[in-house]
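Protein chains in written order, with the numbering used here: chain A, 1 to 326; chain B, 1001 to 1326.
Cβ coordinates follow ideal geometry from the N, Cα and C atoms, glycine included.
The model shown is predicted, which means the values in this text are computed figures rather than measured ones.
What follows is a short report on a single structure.
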């Protein structure tokens, strides 16, 4: 963790109490003048830090901006995801940045956020609208020891983590629409794009691109999405602090990724099923050139959706566009 | 097809007969002076073209070099694979070149050959030795409408095509070792590396990297491979013309790719099984962190190897390193 991350963490730990420059200096093991410099740096980034001559410093207000140091300070101990965090003000797509990192050999677990994306993308080549400062647009680099065919597991584990983190942070009831959408009251509020580079039987790297519509107003959505999409702030009736949510999501992702690596997919799938709005419903699914209609029965062992067709046959669906029929 | 490709094709069609400049001019629909220029160009590339004052031109000898025009002239009508061909004297890896093309949006079917590769690679990060002028080292760009989990089909179709082309061209009995090695007398003579870029349920592009040890002598192989690898020329006792073989392979690949797109995987798989030395054998397979031992029984519907383990369970293996035990 950087100096500023340590400093923020210490200020946050002190809560409503002030903490003296001397105590901070001792706690962080750095000089008083470096503490003063760190406080100035944090203030310049928008943190309100009050200072009383005899009591010390107190964190009086936090801006709703994303800073790598801040995010690292909130994360605590993670095993893989979030070991390294970068925040860009603007980029084409955080997946592009992470892909470049992947090709340069960067280790798994690196995370890249952007305050806005100029060419954010969703599944199947669709555009993803990423207005500045309104959401969480980020990508995670993974190098899982899985075969390409086992990758639906990653989507399931990621969707379960994002859903749980949203619910934990906001108290809203969030559901999963197979394979990777998070819904609030039937409207999409977050999505996950999985991109991968692989040999036939070895994934070289995989990028989780995650978009969460946090503080978008109705007007922030493209017109064609206004009826089917929503944001956390619309559903909650007040803004949500993005950095807290980001840290919650990264912790949840890291937790599920560890479980996946420990062979605990079944437990993750069970949680997923509990919060999935697709199962038990009549669905129609466009998968490539096929259309499959039937009742979504359960999740298969590799994360596939098992659909009982009108003809009684059980179809194993690993991807595609799902429409819930009734 | 370019002028020189058309010209080569016409000369080749005339066979032992000479064909006059006037006839060539008429056939190709270009002026006599362009024919003369084309003949000079071909001669400068090593083609032996005899000219008799009254009879005309005759193709007396062809160099064992790869030229895009020559390859195109030999290919005839292909649907997808080989619509565009490039030949490099040297490159890091033809897969690298094709990957760049794929990222630039080039259409599927493009093929890149190199006379030598400085960083040729095989499966699972292994080196692939590619000595200058001794083999066929090339890559094919595909954009199949398949999901990542269906990709074993591509390997099966490609291996079947390469095997058949080698047998057709040389008369040697060639076998397939699952998933993608071609053997002559139990020794590896060709391999296929499949690399892909995909979303969870959509392949964006796929690169077939194919290496065929055509005219390597025993000394051309790295020491550690001399007991397990061979070349077509070693097995045949004489050199093999690389351009003819290349055209044969591309035609076979194009044919099988068309069949795959037409939903005829079952027929391809049947041919594959007939020429596979893995089926019916005791095998041990390293797939990721797993080791699977048992009897290779058959090919599953997506190209997976179905292995009956010692415990009687049928395992579905989609990749890995196969050792034939007895």
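| Asked | Found |
| --- | --- |
| Segment limits, alpha helix (DSSP H) that includes residue 234 (chain A) | 232–236 |
| Chain A within 7 angstroms of residue 1144 (chain B), Cβ atoms only | no |
| Cutoff 7 angstroms: residue 1318 (chain B) Cβ touching any chain A Cβ | yes |
| Selected residue, minimal CA-CA separation from residue 12 (chain A), among A:29, A:32, A:271, A:39 | A:39 |
| Proximity test, Cβ basis, 7 angstroms: residue 1153 (chain B) and chain A | no |
| Assigned secondary structure, residue 1255 (chain B) (DSSP; H/G/I helix, E/B strand, else coil) | helix |
| Members of the stretch 1189–1200 of chain B that neighbour chain A once the beta carbon cut-off is set at 8 angstroms | 1193, 1194, 1195, 1196, 1197, 1198, 1199, 1200 |
| Length-filtered (3 minimum) beta strand (DSSP E) runs lying within the stretch 1094–1131 of chain B | 1110–1117 |
| Contacts of residue 287 (chain A) in chain B (Cβ-Cβ under 9 angstroms) | 1147, 1201 |
| Chain A contact residues for residue 1222 (chain B), given Cβ-Cβ distances below 9 angstroms | Result: empty, since nearest Cβ-Cβ is about 21 angstroms, beyond 9 angstroms. |
| Under the three-state DSSP convention, the category residue 181 (chain A) falls into | strand |
| Listed by chain order, chain B residues near residue 179 (chain A) by CB distance under 9 angstroms | 1200, 1201 |
| For residue 282 (chain A): DSSP bridge partner residues | A:295 |
| Three or more C-beta pairs below 8 angstroms linking the stretch 1132–1141 of chain B and the stretch 1204–1215 of chain B | yes |
| Segment contact, 8 angstroms Cβ cut-off, at least three pairs: the stretch 84–96 of chain A with the stretch 64–76 of chain A | yes |
| Neighbourhood of residue 1295 (chain B) by C-beta distance below 8 angstroms, restricted to the same chain and skipping five residues each side | 1280, 1281, 1282, 1283, 1307, 1308 |
| Option in A:4, A:45, A:16 with minimal Cα separation from residue 25 (chain A) | A:4 |
| Under 7 angstroms by beta carbon: chain B residues contacting residue 259 (chain A) | Those within 7 angstroms of residue 259 (chain A) in chain B number zero; the least Cβ separation is about 17 angstroms. |
| At least 3 beta-carbon pairs within less than 8 angstroms: the stretch 1186–1196 of chain B vs the stretch 182–200 of chain A | yes |
| Simplified DSSP assignment, three categories, for residue 1050 (chain B) | strand |
| Classification of residue 46 (chain A) by the beta-carbon crowding that lies within 10 angstroms, buried from 16 upward | exposed |
| Any C-beta of chain C under 7 angstroms from that of residue 1205 (chain B) | Of the chains in the structure shown, none is chain C; the protein chains are A and B. |
| Coarse secondary structure for residue 38 (chain A), derived from DSSP in three states | helix |
| Buried/exposed call for residue 1098 (chain B), threshold 16 Cβ in 10 Å | buried |
| Residue 1165 (chain B) and residue 1249 (chain B) closer than 7 angstroms at C-beta | yes |
| Nonlocal neighbours in the same chain, by C-beta distance under 7 angstroms from residue 42 (chain A), ignoring five residues either side | 4, 7, 8, 49 |
| CA nearest to the CA of residue 1266 (chain B), picked from B:1156, B:1317, B:1111 | B:1156 |
| Residue 1120 (chain B) to residue 76 (chain A) span [Cα, whole Å] | 43 angstroms |
| Three-state secondary structure assigned by DSSP to residue 188 (chain A) | strand |
| Rounded separation between residue 27 (chain A) and residue 35 (chain A) - CA only | 11 angstroms |
| Stretch pair the stretch 123–130 of chain A + the stretch 141–151 of chain A: three plus CB contacts closer than 8 angstroms | no |
| Within the stretch 194–247 of chain A, ranges of the alpha helix (DSSP H) (whole runs, at least 4 residues) | 232–236 |
| Element boundaries [beta strand (DSSP E), containing residue 1327 (chain B)] | No information on residue 1327 (chain B) is available, as it lies outside the stretch 1001 to 1326 that chain B covers here. |
| Residue 318 (chain A) in three-state terms, based on DSSP | coil |
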